[in-house]
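Going by the UniProt record's numbering, the sequence shown opens with residue 1, and the numbers climb by one from there. For glycine and all other residues, C-beta sits at the position ideal for the given N, C-alpha and C.
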Amino acid sequence: MGQSQVCGSSYRGDPTEHMFSAPERRAVYRVIAERRDMRRFVPGGVVSEDVLARLLHAAHAAPSVGLMQPWRFIRITDETLKRRIHALVDDERLLTAEALGAREEEFLALKVEGILDCAELLVVALCDRRGSYIFGRRTLPQMDLASVSCAIQNLWLAARSEGLGMGWVSLFDPQRLAALLAMPADAEPVAILCLGPVPEFPDRPALELDGWAYARPLAEFVSENRWSYPSALATDHHHGE
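This is the structure in structure tokens:
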């Protein structure tokens, strides 16, 4: 009594049986806390093939709805193509600035990408023929995008653990980028990832340092049982303890 069969083995309900060591837990929480969306990279920086392969394996280990693995990664090594992608992003940067109205000049002062400076450039896309995957998507078709986001986050955290910065650029017209990269008709680009060595990792998000926006406390985002019922869990805890 008191035991249950989990994956064919006896499990007593004690989570410490599967717990990482304290230093390992601290490392996991540290990499989450110190991840930053980077825009400034070390000129001439390099990411070795071995490290890049590890990062892509980390991304590919992400969970996905129905195990559909909807992510596709395109590594951009052609310098002319990089410049064309940069031009496409800059077009959208100017359109976004115009759409922001009163904050146009403030936005234009921000550095929003590092495409021409980073060591590695990746484009991440949703795969084609996604409509054939029904498991977990019948009522929530956007779960393919959620799955790709998990892969990107895996890559991001792994990059931070390797001492590398990464920036997720979303300022682009998906149709234009898809055409530029000769994607199938129903594939859809969702991210341009700038990756490489960086001068430093700031202790706060860049948009906070630039005064654009500020992160809000956890208490505003956690409720209990109903949308607007506060939860006592939304308090500070020591990471990895």
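First through last residue of the alpha helix (DSSP H) which encompasses residue i
i	result
leucine 55	49-60
glutamine 156	Checking the sequence shown, residue 156 turns out to be tryptophan, not glutamine. Start and end: 143-161.
alanine 27	22-34
alanine 178	174-180
isoleucine 85	79-99
alanine 191	Unbroken run through alanine 191 is the beta strand (DSSP E), 188-196; no alpha helix (DSSP H).
residue 262	Absent from the model: residue 262. The displayed extent of the chain is 1 to 241, so no value can be given.
Within 7 Å, strictly: CB atoms of residue i and residue j
i	j	result
asparagine 154	alanine 22	no
residue 249	aspartate 128	Given a span of 1 to 241 for the chain in the structure shown, any question on residue 249 remains unanswerable.
valine 47	glutamate 120	yes
leucine 195	arginine 93	no
arginine 25	glycine 167	no
isoleucine 74	lysine 82	no
arginine 70	serine 149	For clarity, residue 70 is proline in the given sequence; the question names arginine instead. No.
alanine 113	valine 169	It is glutamate, not alanine, that sits at residue 113 in the sequence shown. Contact: yes.
arginine 176	leucine 95	no
methionine 183	tyrosine 133	no
isoleucine 152	alanine 99	no
Alpha carbon of residue i to alpha carbon of residue j, nearest angstrom
i	j	result
proline 197	glycine 13	43 Å
residue 313	aspartate 37	Outside the shown range of the chain, which is 1 to 241, sits residue 313, and nothing can be said about it.
proline 230	glutamate 224	6 Å
residue 280	arginine 138	Residue numbering for the chain in the displayed model covers 1 to 241; residue 280 lies beyond these limits and cannot be assessed.
lysine 111	aspartate 90	11 Å
leucine 145	leucine 56	18 Å
leucine 116	histidine 86	7 Å
glutamate 49	histidine 60	16 Å
glycine 131	leucine 181	22 Å
tryptophan 212	glutamate 17	45 Å
valine 28	alanine 206	22 Å
proline 15	glutamate 200	37 Å
tryptophan 156	leucine 193	9 Å
arginine 226	proline 141	25 Å
Close-in-space but distant-in-sequence residues of the same chain around residue i (CB under 8 Å, 5 per side omitted)
i	result
glutamate 188	Ala125, Leu126, Pro174, Ala178
glutamate 208	Tyr214, Ala215
leucine 233	Val222, Glu224
serine 228	none
alanine 102	none
proline 217	Ala234
arginine 54	Ala158, Glu162
histidine 238	Bear in mind that the predicted position of histidine 238 carries a pLDDT of just 49, short of 50, making it unreliable; the figure below should be weighed with that in mind. No residues qualify anywhere along the chain.
residue 291	Absent from the model: residue 291. The displayed extent of the chain is 1 to 241, so no value can be given.
Chain-order list of residues whose beta-carbon lies under 7 Å from that of residue i (same chain, five-residue window excluded)
i	result
methionine 143	Val65, Gly136, Arg137
aspartate 78	none
glycine 45	Ala119, Gly196, Pro197
Same chain only: Cβ atoms within 6 Å of residue i, ignoring 5 sequence neighbours per side
i	result
glutamate 241	Because the pLDDT at glutamate 241 is just 46, under 50, the model does not fix this residue reliably, and the value given afterwards should be weighed accordingly. There are no such residues.
alanine 97	Glu104, Phe107, Leu108
glycine 165	Met38, Val198
alanine 219	Ala234
phenylalanine 20	none
aspartate 203	none
arginine 72	Ala125, Cys127
methionine 1	The predicted position of methionine 1 is uncertain, since its pLDDT is 38 and thus under 50; a value taken from the coordinates is nonetheless stated next. So the list is empty, once near-sequence residues are dropped.
The ligand MN heavy atom lying under 6 Å from the CB of residue i
i	result
arginine 93	As for the ligand MN, it is missing from this structure, which has no ligand bound.
Endpoints, beta strand (DSSP E) assigned at residue i
i	result
alanine 125	120-126
arginine 73	The sequence given here has phenylalanine at residue 73, not arginine. Here the beta strand (DSSP E) through phenylalanine 73 covers 71-76.
valine 112	It is not in any beta strand (DSSP E) - valine 112 carries neither H nor E in the DSSP assignment.
glycine 13	Where glycine 13 is concerned, there is no enclosing beta strand (DSSP E), given that its DSSP letter is neither H nor E.
glycine 167	165-169
Cutoff 7 Å: residue i Cβ touching any chain B Cβ
i	result
methionine 166	Among the chains in the structure shown there is no chain B, since it carries only a single protein chain.
Review point. With a cut-off of 8 Å, do at least 3 Cβ pairs link the stretch 25-35 to the stretch 156-174?
Key: yes
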